[in-house]
Amino acid sequence: MSNVVLGEKQGDGSLLITINRPEKRNAINYEVMERLGDVLSDAESDETVKMLMLTGRVDAAFCSGGDLSEFHTLPTEKEAYKMLSKMGMVVNKLATFPKPTAAFLNGTAVGEGAEFAAACDYRIARENSRFGFIQGK
49 MSNVVLGEKQ GDGSLLITIN RPEKRNAINY EVMERLGDVL SDAESDETVK MLMLTGRVDA
109 AFCSGGDLSE FHTLPTEKEA YKMLSKMGMV VNKLATFPKP TAAFLNGTAV GEGAEFAAAC
169 DYRIARENSR FGFIQGK
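If you use our numbering, the sequence shown corresponds to residues 49 to 185, in order.
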C-alpha cells in the first residue's frame, strides 16, 4: 500500500489527509493522484467521516504543484493531457465533496497545490505561507 497520501481518522469525525512526499515538497504525481482519489472515494462513503482536512507533510510546503520531473518525461501531448485531466478530476472531486473540507496550508501552495486549496471549503494558512497559480502557457 502506498504511503504518498495518508488518511488518518481523528476522534472528532474528521479525516486528516496528508500529502506525504517530503523529498519533492509534496509535489503531485500519478501515484498521489490515484491515492488521493481513492481516499476521497472511501471518505465519501464512510458515514463516520464528517469532515476532511488536507495538509502537506513538509513544514515549508503544503504542495509544490505537479511533479515537473514526471510531467516532462511524458512522450506526447496526449499523455500530458491525460495527466492534466486526471489532476482536474481529483480537484473536481475535492471541490464537489459532499462533506465540509478544509486545507491547512503549512507553507507554499503553488500550481496544483493552490488548486487543491481553492477547491476546499475553508483554508487556514500558517503565517508566511505563499500561494500562486504559476502554470506556464
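The C-beta atom is built at its ideal place from N, Cα and C for all residues, glycine as well.
- Look at K57 here: in three-state DSSP terms it is strand.
- Closest by C-alpha distance to K57, out of I65, N51, S50, is I65.
- In this model, T121 and D169 are separated by some 34 Å (Cα to Cα).
- Exclusion of the five residues before and after N51 leaves N68 as the residues of its chain whose Cβ lies within less than 7 Å of its Cβ.
- Within its own chain, the residues whose Cβ lies closer than 6 Å to the Cβ of G61, once the five positions on either side in sequence are excluded, are K98, listed in chain order.
- Its chain contains A167 as the residues whose beta carbon lies nearer than 7 Å to that of A143, once the 5 sequence neighbours on both sides are disregarded; these appear in chain order.
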